[in-house]
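Protein chains in written order, with our numbering: chain Z, 1 to 280; chain H, 1001 to 1280.
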DNA sequence: AGGCGGCTTTCAATGGTTGGAATAGTATTG
DNA sequence: CAATACTATTCCAACCATTGAAAGCCGCCT
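Written out as structure tokens, the structure reads:
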């Protein structure tokens, strides 16, 4: 029912035909932005949802998605919605900092978990946050804040503090220059105290955080080193506040972290003089 | 090199300039084929290696890779090589059939593992193979054939048989029409026996495979169902041949698989076919 | 019985993409 | 130390994959 179906002459000033408002973004970026739409809360999405969130026309989204589905990066459910596919998961499992450390650490995490029956976590740093690589939990454990694959702030979690303490100086300054992420149930640390804490973490190999939010818990974390002596991950245990005293947990966590480090090729050199002088 | 270096006028018959040998492949496919180059054996690759294996010119590969790195799908190591990135792993962790079932199944896998101290596996089907989603192993367990993220044949592994038995009829016929994948250390099954085996698996909820290759082991697997009653995964245990009798393991594996199924929303209806469960 | 929303196909215009060539950097060899 | 070989990176003109409005479908709600 077009009100003016007659005149097929758009006349002058009507280049409405070939219009391409905002071409210019590389195809890959668009495809990746489609993947980025998926989140903890959005695990199954329709075409239009994907198109909307990735900010592109439906036909374009469909074409890209079809390719992703053909390859296996996405899968289509019976109801027409799309989910992240096993093929992508498969490739991602080759990520050294993802499944790589996980695979090596898992047996030790299991031992720790079996002995304590509390949450055991493994996390790595990605940019300005910690990413949870693994979490072992019994069915009846306390409520926990983070899920595997999720992100946590550096300044207000035990694993975060460990990873931050192990990062290079410049990065630490960058982080401290920024306002801290608000984290519910965790006391915010003034900069001075944070610096002292980080220094302590480096010295003792232990970070500790008490939080009250999802539930009253204490987290104890310890760094995992690679062969070059860099902190590549943080191992932690989360227990209900008041159950096992933290100072009892610390040695177990440290021991587990050291075991993992050793398996990563870290030479647990005795204290000092670990300076390598190579490349500027 | 050029026999006529003088005249800078290419003159006629010099179409060497604009040559387009084999353009025509969508950009995404190329990017994905770069990701596909990574494998268990190739976890860190140089630009030229990637370009070679993905069969594309280095500049093209570089451009695509740069985008992938910018997004976090790949990461660049200090030595210039590329590895799969944490960001990709993060998105992949949203895969329902990957980390999804894993997350739900993990506590039960842990229980089973803790009691038996043998390998516990979780696998899903992707196309014509099983993909290993999770594997719990103690540090001192027997040698094992597959790694998490790896693939296994459907016809010659316990999890494979379970997944095959749970697939739709048409798919099963497709598989059986093809020559079986050669698998070292596993006796090949003639079609008739395979059909009988699959039928047994459906009836009893248990598949069993004895293999001699990496070491002498027996695998016992059982299906995991979703709310619709489809087989979405297979749970299995792998023990050294001659240790625990398989008929002792079967109930434990079945129970664990059922527990996972229930958590996935499966209503364990009492099937008419299963009137006597203890096969006598 | 019509409107609405989402999904899919079509197609001409075009700009992102391409890859040879050249340059720069780096490791290996004589 | 030069020669060699390889890899990584930049450049750019030709061009084809990509684009998105438009229109056709389909199912659903009213």
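Beta carbons are placed, not taken as given, at the ideal position from N, Cα and C, and that holds for glycine.
Here the structure is a predicted model, which means the values were calculated and not measured.
**Item:** Within chain H, partners of residue 110 (chain Z) - CB distance below 7 Å
**Value:** 1136
**Prompt:** What is the residue span of the alpha helix (DSSP H) that residue 1252 (chain H) lies within?
**Reply:** 1246 to 1263
**Prompt:** What's the C-alpha gap between residue 261 (chain Z) and residue 106 (chain Z)?
**Reply:** 12 Å
**Pick from Z:81, Z:136, Z:240 and Z:100 that is closest to residue 1041 (chain H), judged by C-alpha positions** = Z:100
**Message:** Would residue 1122 (chain H) and residue 1133 (chain H) qualify as a contact pair, given that the criterion is a beta-carbon distance under 7 Å?
**Reply:** yes
**Request:** Could you tell me if residue 59 (chain Z) is buried or exposed, where buried requires 16 or more neighbouring beta carbons within 10 angstroms of its beta carbon?
**Result:** exposed
**Prompt:** Would you say the region 213 to 224 of chain Z touches the region 169 to 188 of chain Z, given that touching needs at least three Cβ pairs under 8 Å?
**Reply:** These segments touch.
**Request:** Would you kindly work out how many angstroms separate the C-alpha atoms of residue 50 (chain Z) and residue 1069 (chain H), rounded to a whole number?
**Result:** Approximately 23 Å between the Cα atoms of the pair.
**Request:** Over the uninterrupted beta strand (DSSP E) stretch that includes residue 1176 (chain H), give me the two end residues.
**Result:** Taken as a continuous stretch (DSSP letters only), residue 1176 (chain H) belongs to no beta strand (DSSP E), being part of the alpha helix (DSSP H) at 1169 to 1177.
**Item:** Contact check, residue 87 (chain Z) vs residue 124 (chain Z), beta carbons under 7 Å
**Value:** no
**Message:** Taking a contact to mean a Cβ-Cβ separation below 7 Å, would you say residue 1253 (chain H) touches residue 1232 (chain H) in this structure?
**Reply:** no
**Asked** So, is residue 149 (chain Z) buried or exposed, given that buried needs 16 or more other C-beta atoms within 10 angstroms?
**Response** buried
**Message:** On the CB-based measure, 16 or more other CB atoms within 10 Å of its CB, does residue 21 (chain Z) come out buried or exposed?
**Reply:** For residue 21 (chain Z), the predicted structure reports a pLDDT of 42, less than 50, and the residue's modelled location is therefore unreliable. The matter cannot be settled from this model.
**Asked** If you measure from the beta carbon of residue 1160 (chain H) to each beta carbon in chain Z, is any gap under 7 Å?
**Response** no
**Asked** Since residue 1067 (chain H) and residue 65 (chain Z) are thought to touch, with beta carbons under 8 Å apart, how far apart are those beta carbons, to the nearest angstrom?
**Response** Rounded, the Cβ-Cβ distance is 18 Å, inconsistent with contact.
**Cutoff 7 Å: residue 1053 (chain H) Cβ touching any chain Z Cβ** = Closer than 7 Å: no.
**Whole-Å CB distance - residue 246 (chain Z) paired with residue 201 (chain Z), under 8 Å assumed** = Cβ atoms of residue 246 (chain Z) and residue 201 (chain Z) stay farther apart than 8 Å, at about 14 Å.
**Asked** So residue 119 (chain Z) is in the beta strand (DSSP E); what residue range does that whole segment cover?
**Response** 119 to 126
**residue 268 (chain Z) to residue 1144 (chain H) span [Cα, whole Å]** = Rounded to the nearest angstrom, the two C-alpha atoms are 29 Å apart.
**Prompt:** Where are the alpha helix (DSSP H) runs, 4 residues long or more, that stay fully inside the region 1050 to 1097 of chain H, in chain order?
**Reply:** 1058 to 1071 and 1086 to 1092
**Message:** Counting only C-beta atoms, is residue 144 (chain Z) closer than 7 Å to chain H at any point?
**Reply:** no
**Request:** Report yes or no: is there a C-beta of chain Z within less than 7 Å of the C-beta of residue 1237 (chain H)?
**Result:** no
**Message:** Quick check: what's the CA-CA separation for residue 1160 (chain H) versus residue 1209 (chain H)?
**Reply:** Answer to the nearest angstrom: the Cα atoms are 10 Å apart.
**Prompt:** If you draw a straight line from the C-alpha of residue 1052 (chain H) to the C-alpha of residue 1033 (chain H), how long is it?
**Reply:** 11 Å
**Prompt:** Does residue 1104 (chain H) get closer than 7 Å to chain Z when you measure Cβ to Cβ?
**Reply:** No, its Cβ sits nowhere closer than 7 Å to a Cβ of chain Z.
**Asked** Listing by chain order, which chain Z residues have their CB less than 8 Å from the CB of residue 1067 (chain H)?
**Response** Neighbours of residue 1067 (chain H) on chain Z, chain order: 26, 28, 29 and 32.
**Prompt:** If we ignore side chains and look at the alpha-carbon of each, how far apart do residue 116 (chain Z) and residue 1191 (chain H) end up?
**Reply:** Looking at the two C-alpha atoms, the distance is approximately 49 Å.
**Asked** Could you check where the alpha helix (DSSP H) with residue 155 (chain Z) kicks off and where it finishes?
**Response** Boundaries for residue 155 (chain Z): no alpha helix (DSSP H) harbours it, and the DSSP string shows neither H nor E there.
**Request:** Scan the region 1194 to 1228 of chain H and note each continuous beta strand (DSSP E) run of 3 residues or more that stays entirely inside, going in chain order.
**Result:** 1207 to 1211 and 1217 to 1225
**Request:** Measuring only between beta-carbons, confirm whether residue 1088 (chain H) sits less than 7 Å from chain Z.
**Result:** yes
**Request:** With DSSP collapsed to three states, give me the class of residue 107 (chain Z).
**Result:** helix
**Asked** Quick one: is residue 1262 (chain H) near chain Z, going by C-beta distance under 7 Å?
**Response** no
**Asked** Should residue 266 (chain Z) and residue 234 (chain Z) be called a contact, given that it needs their Cβ atoms to be closer than 7 Å?
**Response** no
**Item:** Residue of H:1173, H:1142, H:1156 and H:1131 minimising C-alpha distance to residue 72 (chain Z)
**Value:** H:1131
**Item:** Cβ-based burial, residue 57 (chain Z) [other Cβ within 10 Å; buried from 16]
**Value:** exposed
**Item:** Beta carbon proximity, residue 22 (chain Z) to chain H, threshold 7 Å
**Value:** With a pLDDT of 46 at residue 22 (chain Z), under the threshold of 50, the modelled position of that residue is not reliable, and no figure is offered here.
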